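Numbering (the UniProt record's numbering), first residue to last: 1 to 107.
Structural data, given as structure tokens:
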């Protein structure tokens, strides 16, 4: 029973660390860019787009397809950085516990 109590205490501590990590991620801003910085986006820690900046040179109507592609690429860049940061934060919370790929906490 002593081990069970210890396990429950650890689970409670991990839960509070997870909540703190989620709050930290929510307050973050992650930048992503494409086209040598001609298009940049800022995502929240939850992945919501907060802002987008487009170089005025790209406003040429004949270049709209490229502009659209750059926006998608900038969002993908920011999302990749966000996922890396979230993984770093998760590693801190789990103390190096290797969770199976795709497993998200809290369950």
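We treat Cβ as the ideally placed atom computed from N, Cα and C, and that holds for glycine. These numbers come from a predicted model, not from an experiment.
{"Asked": "With which residues is residue 32 paired in a DSSP beta bridge?", "Found": "41"}
{"Asked": "For residue 82, count neighbouring C-beta atoms within 10 Å of its own C-beta (all shown protein chains included) and say buried if the count is 16 or more, exposed if not.", "Found": "buried"}
{"Asked": "What does the alpha-carbon distance come out to for the pair residue 107 and residue 18?", "Found": "Reliability of the predicted coordinates at residue 107 is poor, the pLDDT of 41 falling under 50, and no value is obtained from them."}
{"Asked": "Within 10 Å of its beta-carbon, does residue 43 have 16 or more other beta-carbons around it, so buried, or fewer, so exposed?", "Found": "buried"}
{"Asked": "Excluding five sequence neighbours on each side, which residues of the same chain lie with their C-beta closer than 6 Å to the C-beta of residue 7?", "Found": "none"}
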